[in-house]
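Novice: Here the protein sequences come in this chain order: A and B. For the first sequence, the positions run -13 to 98 when the numbering used here is used. For the second sequence, the positions run 3 to 115 when the numbering used here is used.
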Amino acid sequence: EDKVVQSPLSLVVHEGDTVTLNCSYEVTNFRSLLWYKQEKKAPTFLFMLTSSGIEKKSGRLSSILDKKELFSILNITATQTGDSAIYLCAVDFSGNTGKLIFGQGTTLQVKP
Amino acid sequence: DGGITQSPKYLFRKEGQNVTLSCEQNLNHDAMYWYRQDPGQGLRLIYYSQIVNDFQKGDIAEGYSVSREKKESFPLTVTSAQKNPTAFYLCASRFLDSGNTIYFGEGSWLTVV
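#1: Between Leu45(B) and Phe88(A), how many whole angstroms is the CB-CB distance? I'm expecting something under 8 Å.
#2: Is the CB of Thr14(A) under 9 Å away from at least one CB in chain B?
#3: Could you say if the segment 62 to 72 of chain B and the segment 74 to 93 of chain A meet the contact criterion of at least three C-beta pairs nearer than 8 Å?
#4: Which chain B residues sit within Cβ distance under 7 Å of Leu100(A)?
#5: Is it the case that the Cβ atoms of Gly81(A) and Asn15(A) are separated by a distance below 9 Å?
#6: Quick check: what's the CA-CA separation for Ala89(B) versus Ser70(A)?
#7: Cβ of Leu(-3)(A) less than 9 Å from any chain B Cβ?
#8: Check Thr67(A) in the structure and name its three-state DSSP category.
#9: What does Gly89(A) reach in chain B if we use C-beta pairs closer than 7 Å?
#10: Among Val114(B), Tyr105(B) and Val115(B), which has the Cα closest to the Cα of Lys27(A)?
#11: Between the beta-carbon of Glu107(B) and the beta-carbon of Thr7(B), is there less than 9 Å?
#12: Scan the segment 62 to 108 of chain B and note each continuous beta strand (DSSP E) run of 3 residues or more that stays entirely inside, going in chain order.
#13: In this structure, how does DSSP classify Arg46(A) when only helix, strand and coil are distinguished?
#14: With a 10 Å radius around its C-beta and 16 neighbouring C-beta atoms as the bar for buried, classify Phe31(A) as buried or exposed.
#15: Could you compute how far the alpha carbon of Leu98(B) sits from the alpha carbon of Val(-10)(A)?
#16: So is Ser75(B) in contact with chain A if we call contact Cβ pairs under 9 Å?
#17: In chain A, what lies closer than 7 Å to Glu108(B) by C-beta?
#18: Contact defined as beta carbons within less than 8 Å: I believe Ser67(B) pairs with Thr79(B). What is the distance between those atoms, to the nearest angstrom?
#19: Could you tell me which chain A residues have their CB closer than 8 Å to the CB of Leu23(B), listed as they occur along the chain?
#20: Where does Pro100(A) land, buried or exposed, given buried means 16+ other C-beta within 10 angstroms?
#21: For a minimum of 3 consecutive residues, which ranges assigned as the beta strand (DSSP E) are wholly contained in the segment -11 to 14 of chain A?
#22: Examine chain B for any beta-carbon lying closer than 9 Å to the beta-carbon of Phe57(A), and answer yes or no.
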């Protein structure tokens, strides 16, 4: 059975802290891994990762994929209260099946 | 404006009634999806469709039904067979070519009392 597992499920930090969110997967026909941020309603796209070892970076956020060990991490440095959200990891399948499955999400709360 | 429109945003229904959630996209996307989200949790795949007149079950399809008669429309019916239907429902779509991300509608809150 295909599955995507995120950890931790929830996290509380203070502004300025650095956090690392984890996403591991066991799927057939892996194509890519995606990270999303969800604050209120619709998730918004952060990163797409297809190759191992290549870091994607956007401001204080960065992410990397390890296709051998089947996991990805999302790092957020110098956290701000605006980073408080649910962070979702998803796996896309090859072969144009269209299937895309998500993990349980990590709820991050950043306190002032 | 281009995008994905879900309606209604909020819906209350009595137990035992079927309810249909609408999802329309004008992005010319190939694939459309329905996900369910329970409070504080991730997204679980209900159904998805790669092409008109075809769709596949996701991980939690029981108690739900869909149709894809037009490329731009993918309505979801929550039937009375769904044991715990109260949840936040998200519709999404994307192109199926390699490397395309998924885009979401604003969601529909369904409360069954």
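C-beta atoms are modelled at their ideal positions from N, C-alpha and C, and glycine is treated no differently. Given the structure is predicted, the values throughout are model-derived calculations rather than measurements.
Specialist: This is what the structure holds:
#1: Walking along the second sequence from the start, residue 45(B) turns up at place 43. Walking along the first sequence from the start, residue 88(A) turns up at place 102. By a beta-carbon distance limit of 8 Å, Leu45(B) contacts Phe88(A). Their separation comes to about 4 Å.
#2: On the first sequence, residue 14(A) is found 28 positions in, with the first residue counted as 1. Among the CB atoms of chain B, none fall inside 9 Å of the CB of Thr14(A).
#3: Touching, no.
#4: The requested residue 100(A) is not part of the displayed model; chain A covers only -13 to 98.
#5: What you label residue 81(A) is simply residue 95 of the first sequence in a count that begins at 1. What you label residue 15(A) is simply residue 29 of the first sequence in a count that begins at 1. Against a cut-off of 9 Å, the Cβ pair of Asn15(A) and Gly81(A) comes out as a contact.
#6: Here residue 89(B) refers to the residue found at position 87 when the second sequence is read from its first residue. Here residue 70(A) refers to the residue found at position 84 when the first sequence is read from its first residue. For Ala89(B) and Ser70(A), the distance between alpha carbons rounds to 22 Å.
#7: Sequence index remark: in the first sequence, residue -3(A) carries index 11 (1-based). So no, Leu(-3)(A) is outside the interface.
#8: The residue given as residue 67(A) occupies position 81 in the first sequence. Reduced to three states, the DSSP call for Thr67(A) is helix.
#9: Taking the first sequence and counting its residues from 1, the one referred to as residue 89(A) is at position 103. Going along chain B in sequence order, the residues near Gly89(A) (Cβ under 7 Å) are Gly44.
#10: The residue given as residue 27(A) occupies position 41 in the first sequence. Among Val114(B), Tyr105(B) and Val115(B), the Cα nearest to that of Lys27(A) is on Tyr105(B).
#11: As a first step, residue 107(B) must be located in the second sequence, where it is residue number 105. As a first step, residue 7(B) must be located in the second sequence, where it is residue number 5. Correcting the residue identity first, residue 107(B) is Gly in this sequence and not Glu. A contact, by the Cβ cut-off of 9 Å.
#12: The DSSP assignment places 66 to 68, 78 to 80 and 89 to 96 as complete runs of the beta strand (DSSP E) inside the segment 62 to 108 of chain B, in order along the chain (cut-off: 3 residues).
#13: As a position in the first sequence, residue 46(A) is number 60, starting the count at 1. Arg46(A) falls in the coil class under three-state DSSP.
#14: Residue numbering aside, residue 31(A) sits at position 45 when the first sequence is read from its first letter. Phe31(A) should be labelled exposed.
#15: The residue you call residue 98(B) lines up with position 96 of the second sequence. The residue you call residue -10(A) lines up with position 4 of the first sequence. Cα to Cα, the separation comes out at about 21 Å.
#16: Reading the second sequence from its first residue, position 73 is the one you call residue 75(B). At a cut-off of 9 Å between C-beta atoms, Ser75(B) does not count as an interface residue with respect to chain A.
#17: Translated into positions along the second sequence, residue 108(B) becomes position 106. Think of a sphere of 7 Å around the beta carbon of Glu108(B): the chain A residues whose beta carbon falls inside it are Lys27 and Ala28, in chain order.
#18: On the second sequence, position 65 is the one that residue 67(B) refers to. On the second sequence, position 77 is the one that residue 79(B) refers to. At roughly 5 Å, the Cβ-Cβ gap stays under 8 Å, so Ser67(B) and Thr79(B) are in contact.
#19: Stepping through the second sequence from its first residue, residue 23(B) is reached at position 21. At a beta-carbon threshold of 8 Å, none of the residues of chain A lie near Leu23(B); the nearest stands roughly 14 Å away.
#20: Only positions -13 to 98 of chain A appear in this structure, which leaves residue 100(A) out of reach.
#21: For the beta strand (DSSP E) assignment, the uninterrupted runs of no fewer than 3 residues enclosed by the segment -11 to 14 of chain A are, from N- to C-terminal side, -11 to -7, -4 to 0 and 5 to 12.
#22: Here residue 57(A) refers to the residue found at position 71 when the first sequence is read from its first residue. No, its Cβ sits nowhere closer than 9 Å to a Cβ of chain B.
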